[in-house]
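Visitor:
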Amino acid sequence: MPSKKPMLEASVLSFDDTSVAFASKSNFQLRKTFLIYSCMDKNWLVKLGTFFIKLFIFLHFPIKKLIKTTLFEQFCGGENIEECNSTIKPLYDNKIRAILDYSVGLVETEKNYEKITNELLKTIDNAETNDGISFSVFKVSSIAPPEILEKVQSEIELTKDEKAAYERVRERMNIICKRAFEKKVSVLVDAEESWIQDTIDTLVYGMMAKYNKEITTVYNTFQMYRKDMLQNLKDATENAHEEGYLLGVKLVRGAYMEKERQKAHEENYCEPIFDSKEDTDWHFDAAITYIVEHVDTISVCIGTHNEVSCKHLVSLMEKHNIVRANKHFHFAQLLGMSDNISYSLAKAGYNVSKYVPYGPVEDVLPFLFNHANENTSVEDQAHREFALIKRELLRRQNG
Ligand SMILES: Cc1cc2nc3c(=O)[nH]c(=O)nc-3n(C[C@H](O)[C@H](O)[C@H](O)COP(=O)(O)OP(=O)(O)OC[C@H]3O[C@@H](n4cnc5c(N)ncnc54)[C@H](O)[C@@H]3O)c2cc1C
43 MPSKKPMLEA SVLSFDDTSV AFASKSNFQL RKTFLIYSCM DKNWLVKLGT FFIKLFIFLH
103 FPIKKLIKTT LFEQFCGGEN IEECNSTIKP LYDNKIRAIL DYSVGLVETE KNYEKITNEL
163 LKTIDNAETN DGISFSVFKV SSIAPPEILE KVQSEIELTK DEKAAYERVR ERMNIICKRA
223 FEKKVSVLVD AEESWIQDTI DTLVYGMMAK YNKEITTVYN TFQMYRKDML QNLKDATENA
283 HEEGYLLGVK LVRGAYMEKE RQKAHEENYC EPIFDSKEDT DWHFDAAITY IVEHVDTISV
343 CIGTHNEVSC KHLVSLMEKH NIVRANKHFH FAQLLGMSDN ISYSLAKAGY NVSKYVPYGP
403 VEDVLPFLFN HANENTSVED QAHREFALIK RELLRRQNG
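So the sequence shown is numbered by this note's numbering: it starts at 43 and just counts up by one.
1) If I follow the unbroken alpha helix (DSSP H) through isoleucine 383, where does it start and stop?
2) So does asparagine 348 have its beta carbon nearer than 6 angstroms to some heavy atom of ligand 1?
3) Taking 7 angstroms as the cut-off, decide whether the C-beta atoms of arginine 366 and proline 314 are in contact.
4) Can you give me the start and stop residues for the alpha helix (DSSP H) that phenylalanine 64 sits inside?
5) Would the segment 386-400 count as touching the segment 124-142 if we require 3 or more Cβ pairs under 8 angstroms?
6) Could you pull the start and end residues of the beta strand (DSSP E) that leucine 376 belongs to?
7) Hey, is threonine 322 close to ligand 1, as in C-beta under 6 angstroms from one of its heavy atoms?
8) Identify the continuous alpha helix (DSSP H) that holds valine 179 and give its terminal residues.
9) In this structure, what does DSSP give as the bridge partners for glutamine 265?
10) Inspect the CB distances between the segment 300-316 and the segment 343-353 and report whether three or more fall short of 8 angstroms.
11) For glutamine 265, is the beta carbon positioned less than 6 angstroms from some heavy atom of ligand 1?
12) Take phenylalanine 180 and list the residues in its own chain whose beta-carbon comes closer than 6 angstroms to its own, dropping the five residues that flank it on each side.
13) Compare the Cα-Cα distances from isoleucine 198 to each of Thr165, His336, Trp237 and Asp405 and report the closest residue.
14) Under 8 angstroms: do the segment 167-174 and the segment 122-136 share three or more Cβ pairs, one atom per stretch?
15) Taking the alpha helix (DSSP H) that lysine 396 falls in, what are its first and last residues?
16) Excluding sequence positions up to five away, which residues of its chain have a Cβ less than 8 angstroms from the Cβ of lysine 46?
17) Which residue comes first and which comes last in the beta strand (DSSP E) that contains glycine 345?
Shown next, in the form of structure tokens:
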């Protein structure tokens with residue numbers, strides 16, 4: 043374990059100017075956002091609200107319009123790709139591009155895996171012709187039975203039907219990545235729980251070997267809260283170099299910390315996640331440094347709301363004379379979050395994107411709520427957002 047802080051580079055870029063962060067929001071929109079975050083700032087209210095919203099949706103209560111103009115509008119792009127255009131346009135006016143994320147928690151059936159694959163192909167086709175879109179994105183578990191991914195990882199022999207199902211997963215992966223390659227659209231593959239991630243890695247590296255020879259079509263995600271991840275990144279870089287393809291890296295801290303700890307505890311194995319946030323932060327920033335030093339092989343998208351890490355990459359790019367708009371370097375945040383980072387970086391000329399979840403209200407919101415409840419960092423983020431919006435409202439009031 044490293045004993046000291048990584049050599050963090052100082053940056054002149056500031057994320058403190060809330061007038062830049064919220065320039066595109068009218069006073070009315072800002073007050074609405076303030077209300078949403080002030081509710082989210084009270085954890086008990088979030089839990090209560092989540093319960094009732096799920097219940098009302100389940101009972102088909104007529105509250106869809108209310109939800110759509112508040113929570114849904116804050117965190118989602120629309121119910122379908124066309125509806126997302128009204129979110130993509132104002133982002134793109136501010137030089138921020140969108141990553142449309144079909145975030146639906148559908149029942150796990152072969153029919154739904156096909157449905158999601160077809161929707162992903164649509165997002166790729168749409169990205170080809172829409173300059174306001176930077177990447178496509180998907181989760182392997184949305185097109186594959188998670189229990190089969192887990193069995194493959196545990197080297198448990200698959201039944202004949204399971205083998206056929208796994209073969210269909212590989213076909214779906216190939217259809218998606220091939221389409222992305224043909225349309226010259228890059229595709230991010232999200233990282234998931236450690237007990238299925240090795241299988242996901244194998245599938246993704248197979249695609250990279252096929253479609254990343256000249257341009258970085260496929261990106262894998264590295265969760266830096268994992269103890270083995272910096273070494274994994276180094277191994278993946280060496281493999282890519284040896285096999286002659288480009289490594290696409292999405293760098294994140296990791297969203298499943300509580301779930302990971304719980305499973306390790308229940309099944310009595312060593313936790314794969316670092317013991318402290320400081321260790322995760324250290325490894326995230328060390329990975330950024332490593333990537334900048336291997337820019338010939340790696341293209342990167344850092345998915346983070348952490349200001350220190352964003353500034354670290356900015357400074358390293360300056361130090362290595364990498365132009366801000368270099369197509370191998372991207373920053374990404376979630377829609378409705380950390381606009382101070384996204385808008386400031388975009389204004390300064392860096393490549394910035396927002397993950398824009400979309401899909402039918404009744405399918406997307408329960409999925410986002412479950413995810414938010416599992417990930418305790420969402421709470422800290424809500425506090426940060428609340429403070430920023432409060433500051434901007436005060437600034438506007440004082441002229
Ligand atoms: C564009 C984008 C794409 C993303 N894609 C994925 C994805 O594919 N897969 C995925 O898993 N997540 C993904 N995430 C979520 C991400 O992993 C983080 O959960 C989230 O962004 C918060 O981390 P941060 O770097 O933004 O900020 P911070 O608030 O600085 O970091 C919070 C994170 O630090 C880590 N942490 C907190 N406490 C501890 C502790 N005690 N010990 C060890 N580590 C700790 C956790 O990872 C926590 O989420 C994505 C996020 C973004 C913005």
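The beta carbon of each residue, even a glycine, is placed where N, CA and C say it ideally should be.
Guide: So, from the listed chains and residues:
1) Run containing isoleucine 383: 381-389, per the alpha helix (DSSP H) assignment.
2) Because some heavy atom of ligand 1 lies under 6 angstroms away, the Cβ of asparagine 348 counts as near it: yes.
3) No, the Cβ-Cβ distance between arginine 366 and proline 314 is not below 7 angstroms.
4) For phenylalanine 64, no alpha helix (DSSP H) encloses it, and the DSSP letter there is neither H nor E.
5) The answer is yes - the segment 124-142 touches the segment 386-400, with three or more Cβ pairs under 8 angstroms.
6) Following the DSSP letters along the chain, one finds leucine 376 inside the beta strand (DSSP E) bounded by residues 371-376.
7) Between ligand 1 and threonine 322, a heavy atom-to-CB distance of less than 6 angstroms is present.
8) It is not in any alpha helix (DSSP H) - valine 179 instead sits in the beta strand (DSSP E) that spans 175-180.
9) According to DSSP, which records beta bridges pairwise, glutamine 265 is partnered with Val294.
10) Taking one beta carbon from each stretch, the segment 300-316 and the segment 343-353 have fewer than 3 pairs nearer than 8 angstroms; the two do not touch.
11) Yes, since a heavy atom of ligand 1 falls inside the 6 angstroms radius drawn around the Cβ of glutamine 265.
12) Leu162, listed in sequence order.
13) Isoleucine 198 has its Cα closest to that of Trp237, out of Thr165, His336, Trp237 and Asp405.
14) Touching, yes, given that three or more Cβ pairs across the two stretches are closer than 8 angstroms.
15) In the DSSP annotation of this structure, lysine 396 is not part of any alpha helix (DSSP H); the continuous beta strand (DSSP E) holding it starts and ends at 394-400.
16) Caution is warranted here: a pLDDT of 47 is assigned to lysine 46, below 50, making its placement in the model unreliable, and no coordinate value can be reported.
17) The continuous beta strand (DSSP E) containing glycine 345 extends over residues 340-345.
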